[in-house]
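Take a look at the structure set out below.
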Amino acid sequence: MKILIINAGSSSLKYQLIDMDHESIIAKGLVERIGIEGGKLTHKYGDKTYTVTPDAIKDHTEAMNLVLEALLSKEHGVISSISEIGAVGHRVLHGGEKFTASCIIDQACMDAIEENIPLGPLHNPANLMGIRACQAVMPDTPMVAVFDTAFHQTMPRTSYLYGVPYEYYEKYHIRRYGFHGTSHRFVSARALEVLGLKDKPSKIVICHLGNGSSLSACVDGKCFDTSMGLTPLEGVLMGTRSGDLDPAVVECIANNEHLTPSETLNVLNKKSGLLGLSGVSSDMRDVRSAAAEGNAMAKVTLDIWAYRIRKYIGAYAAAMGGLDAIIFTAGIGENDGEGRADVLKGLEFLGVKLDAEKNAKVRGVEAEISAPDSKVKVWVIPTNEELAIARDTLMLTSK
Ligand code: ADP
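Counting from 1, position 165 in the sequence shown corresponds to residue 262 in my numbering; the numbering is continuous, with no gaps.
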């Protein structure tokens, strides 16, 4: 079966068509600047890329029509009829407490995504637009929603409640939800396989380190705690997000810079992290090159980045009462050997022993990077959120 994966943002729509018989990508692409001047579709198949730049792409339905035209195109297409697409899997940001797993999209599911808009005010409306656009152009194709928050719903209350008046949890659902759940689930399941711990007790920390980064503590394959919170702002230092800070910083920045609370949050989300501290870039490669060229702030930024992640690993080892493995994934986690070595520096007391030579060589592939006698195993396991969404979609639609 061929499955189309859709990740809709407010002005963009990413897609991948996956052949589930071989779990391989047939085509993928991106529609940018939906509803804004200069809309563009970039479609990739095999080693070819083809772009369409219409005058304007009015809305997500027009974007979806362009995607289908590209997939069906005589010249650049990869399928000959829409009916070849067996199902569509949608990435949805916030499932709140309603969704502990992926689900078939029906009216009740759409209503629940809508109810969760206050928790995901930017993403959930965009995700709904993507779903509605697909329903408009492919009315007979079954669809599945896969939530970024679902994997973390197994957290105990001690992990997810904040120390604020309890009535705010009851009235406004303020609590830790966690994100990147599809990635944490995919990687932790694979970790249990490679570690031979599938049906055994296990305590694992997953470090999803990309532009956005989050850690999760997984006990017996289930999420016990995670670093992102009510929103993706909490946790470790990210490309442009500050991660953890004293909430009083918000008022202090707002007063001094004459900003509203939401403008201040914008600074914490978009102008902080690697970018804000280093003043160089939000991209780890740029910060690393600047540090290598002697930029002192870039060097400090790298140290803070690693230190924050190390603190979380230590905290999670204590919270779980042990640690069997640390797994690195996503853009930085999979590719940046120096970053991984920095994070693990000083964790020898926990039983972590890195194979430095091996670690330096591993890029974007699954590999063990701890020494054979390391008590805590360390692995790089590439994530594949689209494949995880496709597997759920296949499973739910072939029932
Ligand atoms: P997201 O999906 O959150 O946008 P990714 O998982 O693609 O992000 O990760 C992007 C990050 O990965 C960037 O900071 C980028 O610099 C970093 N990255 C990619 N390749 C390397 C590399 N070889 N060395 C260091 N960092 C890398």
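The C-beta atom is built at its ideal place from N, Cα and C for all residues, glycine as well.
By the Cβ criterion, the segment 433–452 is not in contact with the segment 390–398, since fewer than three pairs of Cβ atoms, one from each stretch, lie closer than 8 angstroms. If you look at S280, you'll find it in the alpha helix (DSSP H) that goes G278 to L292. Taking 8 angstroms as the upper bound for CB-CB distance, V459 and I466 are in contact here, some 6 angstroms apart. One residue after another in chain order, those with a Cβ under 5 angstroms from a heavy atom of the ligand ADP are G307, N308, G309, D380, M381, R382, A427, G428, I429, N432 and D433. Shown here, V346 sits in a helix according to DSSP, grouped into three states. Remark: C-beta atoms of T361 and I350 approach each other more closely than 9 angstroms.
The three-state reading of DSSP puts E360 in helix, counting H, G and I together.
Judged by DSSP secondary structure, G217 falls outside any alpha helix (DSSP H); it is assigned neither H nor E. P253 counts as exposed, since fewer than 16 other C-beta atoms from the protein chains shown sit within 10 angstroms of its C-beta.
When C-beta atoms of the segment 301–318 are compared with those of the segment 412–422, three or more pairs fall below 8 angstroms, so the two segments count as touching. Three or more pairs of CB atoms, one per stretch, sit closer than 8 angstroms, so the segment 476–492 contacts the segment 182–189. According to the DSSP assignment, H270 belongs to no beta strand (DSSP E), since it is labelled neither H nor E. From the listed residues S324, H191 and I228, the smallest Cα separation to Y112 is found for I228. If one requires a minimum length of 4 residues, the alpha helix (DSSP H) runs lying completely within the segment 176–259 are 204–212, 220–234 and 254–257, in chain order.
The C-alpha of L374 is placed about 6 angstroms away from the C-alpha of T398.
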